[in-house]
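Residue numbers (the numbering used here): 2 to 435.
Even glycine gets a Cβ: it sits at the ideal position worked out from N, Cα and C.
Bear in mind that the values here come from a model prediction, so they are computed numbers and not experimental data.
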Amino acid sequence: MNNTKKTKTAIKDMTSPKGMRDIMNEEYYNFQGFFEKAQEVCIYYGFKPIETPVLENEEIFTTGIGEGTDIIDKEIYTLKTKGGDHLALRPEHTAPLMRAYIEHGMQNMPQPVMFYQYGSSFRHDKPQRGRYRQFYQFDLDILGSEKSIMDALVIKAGMSILEEAGAENLSIDINSIGDKECRNGYIKELTNYYKKHLNQLPAIDRERLKTNPLRILDSKEEKTKEINEHAPDAVSFLCPSCKKHFKEVLEYLEEMGIQYNINKNLVRGLSYYTRTVFEVIEQNGSEDGTPLTIAGGGRYDYLGKQLGSKKDVPAVGFSIGVDRIVSAPWYKKLAPRIIKKPKIYFIQLGGEAKLKSLNVIEILRKAHIPMAQSLSKDNLGSQLAIAEKLQVPYALIFGQKEALENSVIVRNMSNRSQDTVKLTKLLEYLKEIK
RNA sequence: GUGCCCAUGGUGUAAUGGUUAACACUAGAGUUUGUGGAACUCUCAAUUCGGGUUCAACUCCCGAUGGGCACCCCA
């Protein structure tokens, strides 16, 4: 008794970690379908695939994303290896990509280089709707050009993916926070302004004043919101070149018919951003709760140098929150092409047939026909019932008689018609019905 | 990190503080070695954990853990 209890508590602990989950069945296909469609769109815009490690040296993120951001200060997963290295699970994909760019000397390729990548990221955050500790991002990045049309291109490609996934009435919140010249001037001005109102400022924002003053702009504190009404805004501090850049980006967006909304309080949580920053907020997120940000990004012209490049690497990127897309009510279930649901249900009957059944399955495999089977069962009725339940369109019935004649019955599950087909002709036959 | 709500088999639900925690679905075995969503029989399987109140706790109280949602932040 005591024993079973112990076993039970042990099993209780053997669950997936908080905020992390198993993805399977319909959800798996939803993800897979999205990734395939997103990749396809990327390829048509000229992006190439890359996959970077899930773990990176911790400094990549601390220097890249920046201390004073929530991601670094409280959300990053770090670990010390047995060899003593300090590694971190990536909380986002941009800094690793820049690291790869520098490490492989991609400055020597024709510029810019355009990459897409996807996979999981990790943040030690408190899980809630649309938020997991392990979550999936699809990222598009253009490295090595500061041209405004690159901003537009990456936005266009990203928005196309969202549209393909079923998002409607898309609009993008956009802002420019300047380059290092105007930005420093602006931050100085902003800091002065807040210092004047220091005693009205909530503690959290006072803290931010020291670490990351820009963040105060999108503070949710009521007090701060009032103060922000009269805060100097970034756009009016932009130097001529930044102003021009921003104006051009907006022109491109207009030309492409992309709805945008200039949000001067948009600054974003990662400190590597410069100039253009943007977010895409779910429009028809439906009744339950506040709309979620489904994508975000911006320009990060100085990240390269921070990560050790001799020259600046101007770059711009667009990240999509895949978990939020595929669970959205508007998500247009994209069927994966590479990984398919079973088309054929293989049924066998009798010892002779069971013996040969794996050979028949091999024929299907060579023909790339996904299938399911019930080799562990023996009677026909229950096997058909399973095929029915799994909603597989065709059943192959392989019994004693067929095994001797080297044939198989192909049964259409929806209209219950069936044909007997020689095994040698099976592929041809299946091709026709597909 | 803060606040609100929740916690019974794999799933969904039941059980005025009082029998052996019930029911349905699912899963497995069988009736059944040749044609379907079936029926029947049997089987596996639960009160999150730890304290307390009580003669008696799934039920009441406290705490922990887990989950959901909101804030914060972000994808």
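Assigned exposure category for D302 - 16 Cβ within 10 Å defines buried: buried
Counting C-beta neighbours from all protein chains within 10 Å, is the total for N229 16 or more, i.e. buried, or is it exposed? buried
Checking 8 Å against the spacing of the C-beta atoms, do R124 and P97 come in under that value? no
A373 and P343 closer than 8 Å at C-beta: yes
At least 3 beta-carbon pairs within less than 8 Å: the stretch 103–111 vs the stretch 79–91: no
Can you name, in chain order, every residue of its own chain whose Cβ lies under 7 Å from the Cβ of S310, other than the five neighbours on each side? I103
Assign G352 to one of two classes, buried (16 or more other C-beta atoms within 10 Å of its C-beta) or exposed (fewer than that). exposed
On the three-state DSSP scale, how would you describe Y78? coil
Would you kindly work out how many angstroms separate the C-alpha atoms of K341 and E406, rounded to a whole number? 31 Å
Closest by C-alpha distance to F136, when choosing among F32, L239, E223 and R412: F32
Unbroken alpha helix (DSSP H) runs of length 4 or more, entirely within the stretch 44–73: which are they? 59–65
With a floor of 3 residues, list each beta strand (DSSP E) that falls wholly inside the stretch 84–111, ordered by position along the chain. 87–90
Looking at C-alpha atoms only, which residue of Q307, Y274 and E283 is the closest neighbour of R300? Y274
For M421 and I345, I'd like the C-alpha separation in whole angstroms. Inspection of the sequence shows that residue 421 is occupied by Thr rather than by Met. The straight-line gap from Cα to Cα measures roughly 15 Å.
Tell me the DSSP bridge mates of M372? I345
Is there at least one non-hydrogen atom of the ligand FAD closer than 7 Å to the beta-carbon of N185? Among the ligands in the structure shown, none appear at all, so the ligand FAD cannot be discussed.
In this structure, does DSSP put K189 in helix, strand or coil? helix
Quick check on DSSP: helix, strand or coil for R216? helix
Which residues in the same chain have their Cβ closer than 7 Å to the Cβ of M414, if we skip the five residues on either side of it in sequence? A388, E389, V393, P394, Y395 and A396
Which of helix, strand or coil does DSSP assign to D379? coil
Simplified DSSP assignment, three categories, for A316: strand
Considering only the alpha carbon of each residue, which of G258, L293, A232 and G65 lies closest to R132? L293
Quick one: what's got a C-beta closer than 7 Å to V42's C-beta in the same chain, skipping five residues either side? A158, S161, I162 and E165
Residues near V155 in its chain [Cβ-Cβ closer than 6 Å; skip 5 each side]: L141, I143, V317 and F319
State the Cα-Cα distance for the pair L385 and P128, rounded to the nearest angstrom. 42 Å
Taking the straight line between their C-alpha atoms, what separation do you get for E363 and E433? 19 Å
Proximity winner among E68, N26, K423 and G20, relative to R209 (alpha-carbon distances): E68
On the three-pair Cβ rule with 8 Å, is the stretch 216–233 touching the stretch 243–250? no
Residue environment, K7, which counts as buried when at least 16 other CB atoms sit within 10 Å: Unreliable positioning characterises K7 in this predicted model, as indicated by a pLDDT of 37, which lies under 50. A coordinate reading is not provided.
Check whether the Cβ atoms of C240 and R276 sit closer than 8 Å, and answer yes or no. no
Helix, strand or coil, according to DSSP, for K423 in the structure here? strand
For L144, write down the residues that DSSP places opposite it in a beta bridge. V114 and A316
For E280, write down the residues that DSSP places opposite it in a beta bridge. D174 and G297
Secondary structure at A235, three-state DSSP: helix, strand or coil? helix
So what's M25 in DSSP terms, helix, strand or just coil? coil
So the alpha helix (DSSP H) A404 belongs to, where does it begin and stop? Q401 to E406
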